[in-house]
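Step one of this worksheet: look at the structure below.
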Amino acid sequence: MTKTVTDVICPFCGTLCDDLEVVVSDDGKELYEVYNACAIGAEKFLHSQAKDRITRPRMRQEDGSWKEISYDEAIEYTARMLTDAKKPLMYGWSSTNCEAQAVGSEIGEAVGAVMDNTATVCHGTSLIAVQDIGIPSCTLGEIKNRADRILFWGCNPAHAHPRHMSRYSIFPRGFFTGKGHTGRKVIVVDPRPTDTASLADIHLQVEQGRDYELLDALRVAFKGEKLPDVVAGIPKAKIYEAAETLKSGRFAIIFFGMGVTQSLGKNHNIDEAIAVTRDLNEYTKAAIMPMRGHYNVTGSGQVWGWLFGFPYAVDLSRGFARYNPGETTSNDLLRRDEVDAVFVLGSDPGAHFPFSSVKKIYNRPSVAIDPHETPTTEVCKVHVPVAFVGVEIGGCAYRMDNVPIETRKVVEPPEGMMTDEEFLKRVLGRVKEIQGV
Amino acid sequence: METVTLTIKNQPDLYLEADNITPDAFAGKKAEEIAGLHVYVGREQHRLGDFFEVSGNAGATPEETKIVVNGDLSRVKYIGMKMAGGEVVVNGNADMYVGAWMQGGKLTVNGNVDAFAGTGMKGGELVINGNAGNYLGAAYRGDWRGMQGGKIVVKGNAGSDLGTFMNGGEIVVGGDVDVHVATHAEGGKIVIKGNAKSRLGGQMVEGEIYVLGDIDVMMPGFAYREDVDIEMDGIKGRFALYEGDLGERHRKRKGQPIYAKLYQQIGA
Chain S
432 MTKTVTDVIC PFCGTLCDDL EVVVSDDGKE LYEVYNACAI GAEKFLHSQA
482 KDRITRPRMR QEDGSWKEIS YDEAIEYTAR MLTDAKKPLM YGWSSTNCEA
532 QAVGSEIGEA VGAVMDNTAT VCHGTSLIAV QDIGIPSCTL GEIKNRADRI
582 LFWGCNPAHA HPRHMSRYSI FPRGFFTGKG HTGRKVIVVD PRPTDTASLA
632 DIHLQVEQGR DYELLDALRV AFKGEKLPDV VAGIPKAKIY EAAETLKSGR
682 FAIIFFGMGV TQSLGKNHNI DEAIAVTRDL NEYTKAAIMP MRGHYNVTGS
732 GQVWGWLFGF PYAVDLSRGF ARYNPGETTS NDLLRRDEVD AVFVLGSDPG
782 AHFPFSSVKK IYNRPSVAID PHETPTTEVC KVHVPVAFVG VEIGGCAYRM
832 DNVPIETRKV VEPPEGMMTD EEFLKRVLGR VKEIQGV
Chain B
953 METVTLTIKN QPDLYLEADN ITPDAFAGKK AEEIAGLHVY VGREQHRLGD
1003 FFEVSGNAGA TPEETKIVVN GDLSRVKYIG MKMAGGEVVV NGNADMYVGA
1053 WMQGGKLTVN GNVDAFAGTG MKGGELVING NAGNYLGAAY RGDWRGMQGG
1103 KIVVKGNAGS DLGTFMNGGE IVVGGDVDVH VATHAEGGKI VIKGNAKSRL
1153 GGQMVEGEIY VLGDIDVMMP GFAYREDVDI EMDGIKGRFA LYEGDLGERH
1203 RKRKGQPIYA KLYQQIGA
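These protein sequence lines map, in sequence, to chains S and B.
Here our numbering is used: the first residue of the first sequence is 432, the next is one more, and so on.
Here our numbering is used: the first residue of the second sequence is 953, the next is one more, and so on.
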């Protein structure tokens, strides 16, 4: 017999859908079906059942092969690596719960690590802009119920956040948005004709790398000032039209993604987009929100925000928190040889970082904590498999709008498998023993 | 003026944080006391003398102290940080934060510097006879007060984010600059003798930018006003005057908004 678990939280993307239904065996040891999730989310649940899943830590041998080791040995290696290093990098943290992030932060403080999360190659630039000029934001619920002008800038939720448009932004019928998508105007700014752009009322096909200029042009247009004939490859008439569309709404929301945060100008693009939002509030209600990727990258920013005062790239090496993206960010540290050991948990820099950085990880003592085999585990010296957070263990995660949601355990992890939090607590204990505190 | 000479003898295996290399920290100290000042490599604290040969004693005050630093300093951060007086001469390339939060005195680098030189500078003179990295004379992260006073002169090129949040002082770049110049600036003056790429004066409130070479892309928020003749500090010629950033907030004088000014040379 089977049982169905309802209201399950999806631990894949920052949308944190909370309406999944999962069919599991009566003893809770096997997971059979996932309903309501998108293809990516469903796959995450189903992958926990993979027959070839790695269930014990392993250490890389001289000849490049893996040797199975015990969790105790993995804990010893990790604790020694972190205490031997002068400046270890502890990276990742975005695909785990806040409880594990908090324990990891305690380790980072004890060993004087640089703590960095996936925002470093994602929305970190947004966080810089927020620190520079603030952010008028809101929750996804407000957007569903109120927003009638939806602007997607440099993001493609049709593929990256598949249920975002149906749950929150374009299609849902909310309290003041009873007509669903027919009552909303959608603007997409993207150099490519994406699937999201195909749903737009206005698609501004911006010239690549000219987002900052286009955002500035919108601000000029709001004020009724004169524009050059063409800005960023877009005729001024179309810019004035987009500005008028935004101003005429009752509630405008700007969603933005990697297309602006990691293209030329980075934080300045977001800085200007926030300024656009601020200006719009002169005419109507407007808010702006980053399309966060990993399901709990927002949470790691929250945890470090309350522990250290900074949301990513926190350098604890001198015993106090320093933060300066460009210096204390993972790729700069790796590229410049500023760190001498690498610890990765809940992320895959092997797949996301430039090859030059990945080579540096390969050349250093390194540990990867990850339920999966990934490009990162391939370059690390020790791989510690753990239970899937949000599938085999619960815990707190923050949605892209900074709403904390408690994820749920739906199935048992394989026999004898540790969770992120258990592993980190053991490492912290061992670090304290080694340091004699 | 007394001179202290530091010559690097051991390169750090990571990077050296040497925020004590300032006339202010050296003043009143003998060579052996200076060698005992702390530096950091990662979380480990070391002595300055572990990495540098120190010769000569410092003057009684920062103003009477000159520091000469020799060798490859491309792994040494924070040289001249927060210095308020005296003189520092760096003979070689230096890493990040050279002259950051500098308040007075003179700092000369006979080489290149990495990013964040002159961050949040308040006074004094910073001369870089090579190239400068990104964020020259910019604000520290999250600070709305960038460079507030003093002068930075770069013989070569400068990177991106030059003079972010600048609200006073002067930066002169002999060569070319990368994107984002004087973003969010509310004052100060930037002279670029070479070429600029794009995003000059984005979100700029007040202040002046002079460009003697080309500009790849002009901000849409800058509007052409008129041609003017300019003669100042060795710059002479006919310039096109643009005002902006029209999208940004501006204070008013006698009912008229005061814009930031961008001058681009169009003739001799």
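The beta-carbon is built from N, C-alpha and C at its ideal position, and this holds for glycine as well.
Give me the Cβ distance between residue i and residue j, rounded to the nearest whole Å; I'm assuming they're in contact under 8 angstroms.
| i | j | result |
| --- | --- | --- |
| S731/S | S525/S | 6 angstroms |
| L695/S | G640/S | 4 angstroms |
| V1041/B | V1050/B | At roughly 12 angstroms, the Cβ-Cβ gap does not stay under 8 angstroms, so V1041/B and V1050/B are not in contact. |
| V1006/B | H998/B | The pair is not a contact, with the Cβ atoms about 14 angstroms apart (cut-off 8 angstroms). |
| H612/S | M722/S | At roughly 19 angstroms, the Cβ-Cβ gap does not stay under 8 angstroms, so H612/S and M722/S are not in contact. |
| N576/S | G605/S | 4 angstroms |
| D1197/B | G1173/B | 4 angstroms |
| T676/S | I581/S | Wrong, their Cβ atoms sit about 11 angstroms apart, outside the cutoff. |
| N979/B | T1017/B | Position check: residue 979/B holds Ala in this sequence, whereas Asn was assumed. Indeed, because the Cβ distance is near 5 angstroms, the residues count as touching under 8 angstroms. |
Specify, as a first and last residue, the run of the beta strand (DSSP E) that residue i falls within.
| i | result |
| --- | --- |
| W497/S | W497 to E499 |
| H478/S | Here H478/S belongs to no beta strand (DSSP E); instead the alpha helix (DSSP H) covers A470 to H478. |
| I836/S | P835 to T838 |
| G1219/B | A1212 to G1219 |
| V1042/B | E1039 to N1043 |
| R1177/B | A1175 to M1184 |
| F978/B | Not the beta strand (DSSP E): F978/B falls in the alpha helix (DSSP H), residues P975 to F978. |
| K1188/B | I1187 to G1196 |
So, at 6 angstroms on beta carbons, what are the nonlocal neighbours of residue i in its own chain, with the 5 sequence-adjacent residues on each side left out?
| i | result |
| --- | --- |
| Q492/S | K498 |
| D851/S | T527, A531 and V817 |
| V1124/B | V1105 and V1143 |
| K1107/B | N1081 and G1126 |
| G1063/B | G1044, N1045 and G1082 |
| G664/S | E638 |
| N698/S | T556, I559 and A560 |
Taking only beta-carbon atoms, is residue i less than 7 angstroms away from chain S?
| i | result |
| --- | --- |
| A977/B | no |
| A1067/B | yes |
| V993/B | yes |
| Y1176/B | no |
| G1032/B | no |
| G1199/B | yes |
| R999/B | no |
| R1151/B | yes |
| H1132/B | yes |
| E1195/B | no |
| L968/B | no |
First and last residue of the alpha helix (DSSP H) that includes residue i?
| i | result |
| --- | --- |
| Q733/S | V728 to F739 |
| R766/S | S761 to R766 |
| F653/S | D642 to F653 |
| L711/S | N698 to L711 |
| K790/S | F786 to Y793 |
| H990/B | That residue, H990/B, is in no alpha helix (DSSP H); its beta strand (DSSP E) goes H990 to V993. |
| M432/S | No alpha helix (DSSP H) contains M432/S, which DSSP labels as neither H nor E. |
| E530/S | C529 to V542 |
| D1002/B | L1000 to F1003 |
| H590/S | P588 to A591 |
| A983/B | A983 to A987 |
Using a Cβ-Cβ distance under 7 angstroms, would residue i count as near chain B?
| i | result |
| --- | --- |
| R650/S | yes |
| Y743/S | no |
| D647/S | yes |
| N755/S | yes |
| P593/S | no |
| L658/S | yes |
| Y643/S | yes |
| G797/S | Correcting the residue identity first, residue 797/S is Ser in this sequence and not Gly. With 7 angstroms as the cut-off, S797/S does not count as an interface residue toward chain B. |
| V620/S | no |
By Cβ distance below 7 angstroms, which residues in the same chain neighbour residue i in space, the five residues on each side in sequence not counted?
| i | result |
| --- | --- |
| A1036/B | D976, P1014, Q1055, G1056 and G1057 |
| V662/S | E644, L645, A648 and I670 |
| F741/S | W735, A752 and Y754 |
Ordered along the chain, which non-local residues of its own chain (more than five positions away) have a Cβ less than 8 angstroms from that of residue i?
| i | result |
| --- | --- |
| K904/B | It is not possible to answer for residue 904/B, since the shown part of chain B is limited to 953 through 1220. |
| N1022/B | T957, L958, T959, I960, N1043 and G1044 |
Does any C-beta atom of chain D lie closer than 7 angstroms to the C-beta of residue i?
| i | result |
| --- | --- |
| L1114/B | Looking for chain D here will not work: the only protein chains present are S and B. |
Practice task
Check each residue of the region 1158-1172 of chain B: if its Cβ is closer than 9 angstroms to any Cβ of chain S, include it; give the result in chain order.
Solution key: Here the close residues are V1169, M1170, M1171 and P1172.
Practice task
May I ask you to list, following chain order, the residues of the region 1079-1099 of chain B that have a beta carbon less than 8 angstroms from some beta carbon of chain S?
Solution key: The region 1079-1099 of chain B vs chain S, Cβ under 8 angstroms: N1086, Y1087, Y1092, R1093, G1094 and W1096.
Handout entry: Under 7 angstroms (Cβ pairs) to chain B, residues found in the region 516-533 of chain S
Key = Within the region 516-533 of chain S, the qualifying residues are K517 and K518.
Practice task
Give the residues from the region 535-569 of chain S that approach chain B closer than 7 angstroms (Cβ to any Cβ), ordered along the chain.
Solution key: For the region 535-569 of chain S, the set of positions with a beta-carbon nearer than 7 angstroms to some beta-carbon of chain B reads G543, I559, Q562 and D563 in chain order.
Exercise for the section: Please name the residues in the region 681-704 of chain S whose beta-carbon is closer than 8 angstroms to at least one beta-carbon of chain B, in chain order. Expected result: Within the region 681-704 of chain S, L695, G696, H699, D702 and E703 place their CB atoms closer than 8 angstroms to a CB of chain B, listed in sequence order.
Handout entry: chain S contacts from the region 1132-1147 of chain B (Cβ-Cβ distance under 7 angstroms)
Key = Within the region 1132-1147 of chain B, those residues whose Cβ lies closer than 7 angstroms to any Cβ of chain S are, in chain order, H1132 and T1135.
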